[in-house]
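To start, the structure under review is shown below, and the notes come after it.
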Amino acid sequence: MISKVSQVAMAAKDYGVLSTFQLSVFLQCAEKQGLGVFDIFGVEPGNPEYSTYYGAIRQLMLGASNRGYNGANVLCWGDKLRGKERALLLTPKGRRFLKVIQETLGS
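In the working numbering, each residue carries its 1-based index in the sequence shown increased by 239.
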């Protein structure tokens, strides 16, 4: 089991996912793909915890132009759900990463 977890961690690094928190956020977004941040994590936009999740989500996206688009590019925004909230989706790279995780863990 430990070797499988370490293989997932190595794959995460290869795909640009740099921390266990980012990996956790990615897996939650993959599990509930097509929902918004509130629906996935259950935190309101005014909550400080929301900013933590939102920051991790942005790092898992393409990244910021002022940082040379250094994000992992495994998540992207989808269509608007309500108001300003948009759905979170996996990019093709994100789907490949999820497939690697599933094959590694055998699920």
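In this text, a Cβ means the ideal position worked out from N, Cα and C, and glycines have one as well. As the structure is a prediction and not an experimental result, all values here were calculated from the model.
Does residue i come out as helix, strand or coil in the three-state DSSP assignment?
{"i": "Glu324", "result": "strand"}
{"i": "Lys252", "result": "helix"}
{"i": "Lys319", "result": "strand"}
{"i": "Leu257", "result": "coil"}
{"i": "Leu344", "result": "helix"}
{"i": "Leu274", "result": "coil"}
{"i": "Leu314", "result": "strand"}
{"i": "Leu266", "result": "helix"}
{"i": "Leu301", "result": "coil"}
For residue i, does the count of other Cβ atoms within 10 angstroms reach 16, so buried, or fall short, so exposed?
{"i": "Val276", "result": "buried"}
{"i": "Gln347", "result": "The displayed coordinates of the chain run from 240 to 346. Any statement about residue 347 would go beyond what the structure contains."}
{"i": "Leu329", "result": "buried"}
{"i": "Val256", "result": "buried"}
Out of the options, point me to the one whose CA is closest to residue i's CA.
{"i": "Phe260", "options": "Asp253, Ile296, Ile241 and Asp278", "result": "Ile296"}
{"i": "Phe265", "options": "Val313, Ser245 and Glu288", "result": "Val313"}
{"i": "Phe336", "options": "Gln272, Tyr254 and Val282", "result": "Tyr254"}
{"i": "Leu262", "options": "Gly333, Glu342 and Glu288", "result": "Gly333"}
{"i": "Arg321", "options": "Glu288, Gly294 and Asp278", "result": "Asp278"}
{"i": "Glu324", "options": "Pro331, Gln341, Tyr289 and Lys338", "result": "Tyr289"}
{"i": "Tyr292", "options": "Gly317, Asn309, Cys268 and Lys252", "result": "Cys268"}
Would you grab the beta carbon distance between residue i and residue j for me? Rounded to a whole angstrom, and I think it's under 8 Å.
{"i": "Leu274", "j": "Ala326", "result": "6 Å"}
{"i": "Val247", "j": "Thr343", "result": "5 Å"}
Would you say residue i touches the ligand MN, meaning its beta carbon is less than 8 Å from a heavy atom?
{"i": "Phe260", "result": "This structure simply doesn't include the ligand MN, nor any ligand for that matter."}
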